[in-house]
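UniProt numbering puts the first residue of the sequence shown at 1, with every later residue one more than the last.
Even glycine gets a Cβ: it sits at the ideal position worked out from N, Cα and C.
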Amino acid sequence: MFEFIRNHKRWIQVMLVLLAASFLVVGGMATNENTDSTIEVANVNGKKITQPEWEDAQRKQIDRYRAMMGAQFDQKRFDTPEFKREILNNLVAQRAVETEIERSHLTVGDDVLVNTIQQDENFHTSGKFDVEVYKAALNNARMTAPQYEDSLRRSFALQQLTGTVQETAFVPRAIASRLSDMFDQEREVQEMLFPAKDQQAQVKVTDDMVKAFYDKNAALFQIPEKVKIEYIMFDAAAVEGLVSVTDAEVSEFYKSNLKRYTTPEDRQYSHIMFTVAKGASAADKAAAKAKAEAVLAELRKAPESFAEVAKARSQDVATAEQGGDLGQAKKGEFLSAALEPAVFKLKQGEISDVVESESGYHILTVTKLVPEVVKPFDEVKDAIVAEVKKPKMSKKYSELAQVFSETVYDQSDSLKPAADKLKLKIETIDNLSRTPNPALGNAPFNNAKFLNAVFSDSVLKNKHNTDAIQATPSTLIAARVLDYKPATKRPLAEVDTVIRARVAEQEAANLAKKAGEAKIAAAKASGDAAGFSEAKVVSRAAPTGINPTALQAVLKADASKLPAYVGVDLPGIGYGVYRIGKVAQAAKPDVARRAAEQQDIAQRIGQAEMHNYIDALKQKAKAKVTVKTEVAAADAPAAPAVK
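As structure tokens, this is what we get:
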């Protein structure tokens, strides 16, 4: 059973996610209406969805993502108004579907439920349903059997209600074929490029052009607001020197945890075995024991022959060829509990009396003995000091963190009182902006929450200290502004050279486009292909041969009349003109891909119809959201704090 749990650990994690989310996104059937004092965030068919239910749904969904994503899980991705709004919308949809299921009296019989569970191969052992495996799997998923069975009933009811909506989605073959034809369509294209660099000699950039660009693109030349701050940090390093550990504490810890520093005695042992079948008669047991005692008598005379005798006489075929070697074991690790006491009575090379186990009779010897080793106190002292010190530091950190927070708040006109009280150094840093600077990495003063506090009105305008901000789990930081530089615009003279280069590029690109458009007009008039490159065949299925930007334009161009022409701006290059001379379908279309495309189109149509169906159910149930969902749940009215 436990082997099943180990082998199917990943499946069980997925099962937890799927079962918990099987009914749209969250939870079970609608609960009874709460009291009027409970905050309502939505209402479906006259029944409330409450603030606690919404928050619980958010927590559960985050837990599911955490289980699925593992180390890649990032809590910040889910602390958004959009995520919370989506959860509430899903709750409303769920309740609307539940209402329709109840109204339609949809259910599933116990026989169907039992058959479904018993046919699930995840609960099988040797091809048959195993109730212990079933219980263990549910236990690992933190579900009771009734909870799992109830989730199955809901899933069946949901399938009855909505299954046909998606399953009966129909896509006419002609439409699917037309879409696949568009993907397979090949176009024979010739290209003519008008590089912008070829036009640069003709470009004349005037002062007026530079000024116009400067005025129109003011945001490009904006220097963000900056501050110079002084700050103090309170972290584990500030506490370490305030906490000490006595030699007596370290010695006591060592004595109390001696097992942690002890490597138990290890014995390598061998046996000669005479097997006894399960349920053997007393006479058979006696015969086996007699054989063992006879061999033992031989070994007493020649103990050094143990390995040779084991090879010749032992009935344990798995170890006989190795001279009876059973490997190494410490106390509690023996293959048979019956053998352990006998082995630990022996000295190295000594041979035991005949020992009985559930499998038969054994003669034992110890071939190698590694004695117990205890690490000396001096060897582990530093590690013990750190371990004993850790809880003391944690306690001290909590005490002084409170002092830090209160002092920077209560004496908000200076950081010096907090710095003096906790022996902290006041540091200074300049040129901080409202947003974190990637070049500063994970420095506490580069923390987004801290920067928001620094640029708040209280700190920026009123010259107060910031509150103590937790920049990392073990680092508090507070600051005050020494100097503030508002956002400014770089002078025109300072950026003149840069602007002239940009304007020159734009003007050259415009001239390239103008030349290209003239070529299109001339080519349309003459119909010839003079100046164009050799023809290339391109398609959505084989998107190579021309610039990707140009490819999209070529494939979208109206090719009802050939030759057709299309002009494309190519950033960083200039302007491209493309002559479409031929349009055809692929000679050998991919049949398997086309079938997959038709199925995919049908699924997408089914999903759209399902979405519309649930919207209709929401209208039918008079569903409405009664809270501003743009506001995070954490910002909603909360229960009064306990003082």
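A329 and R267 have their C-alpha atoms roughly 6 Å apart. An exposed status is given to N122, since fewer than 16 other beta-carbon atoms sit within 10 Å of its beta-carbon. Ranked by Cα distance from E252, the first of V380, I49, A292, E494 is V380.
The C-beta separation of E240 from M393 comes to about 6 Å, placing the pair in contact by the 8 Å criterion. Under the DSSP assignment, R267 falls in the beta strand (DSSP E) whose first and last residues are 266-275. Checking the DSSP bridge columns, you'll see H124 partnered with F129. K582 sits away from L555, with the two beta carbons spaced by 8 Å or more. The beta carbons of N431 and K226 sit closer together than 8 Å. When the alpha-carbon of N547 is set against those of Y575, R85, A419, I272, the nearest one is in Y575. Boundaries around Q51 are those of the alpha helix (DSSP H), 51-69, since no beta strand (DSSP E) includes it. Secondary structure within the segment 487-565: the beta strand (DSSP E) runs of 3 or more consecutive residues, fully enclosed, are 536-539 (chain order). When DSSP states are grouped into helix, strand and coil, L415 belongs to the coil group. DSSP places A479 within a strand segment (E or B) once states are collapsed to three. A straight line joining the alpha-carbon of V374 with that of Y254 spans about 11 Å.
Counted as a single uninterrupted DSSP element, the stretch harbouring Q75 is not any beta strand (DSSP E), since DSSP gives it neither H nor E.
With fewer than three CB-CB distances shorter than 8 Å, the segment 446-456 does not count as touching the segment 402-409. Counting C-beta atoms within 10 angstroms of its own C-beta, N217 has fewer than 16 neighbours from the protein chains shown and is therefore classed as exposed. The Cβ-Cβ distance between I426 and I573 does not fall below 8 Å. Per DSSP, reduced to three states, the secondary structure at T206 is coil, with no helix or strand assignment. Straight through space, the alpha carbons of Y397 and Y409 are spaced by roughly 18 Å. Bridge pairing for Y578: E191, V566 [DSSP].
For L326, the enclosing beta strand (DSSP E) stretches over residues 325-329. The C-beta distance from P303 to I351 rounds to 5 Å, short enough to fall under 8 Å. Taking C-beta atoms as the reference points, V243 and K389 count as a pair closer than 8 Å. Residue environment: A521 is assigned as exposed (fewer than 16 neighbouring CB atoms within 10 Å of its CB, all protein chains considered). With respect to the 8 Å criterion, A196 and A512 are classified as neighbours on the basis of their beta carbons. Between the C-alpha atoms of I223 and E494 there is a straight-line separation of about 12 Å. In the DSSP secondary-structure assignment, T428 is bridged to E230. A check of alpha carbon separations from Q159 across A592, I101, A67 identifies I101 as the nearest. Collapsing the DSSP output to three states places V374 in a strand. The three-state secondary structure of S357, taken from DSSP, is strand. In the displayed model, T144 falls within coil according to three-state DSSP, outside both helix and strand. E98 has no beta-bridge partner at all, per DSSP.
Between L91 and A42 a beta carbon distance of about 7 Å is seen, short of the 8 Å cut, so the two are scored as contacting.
T407 sits in a helix when the DSSP states are folded into three classes.
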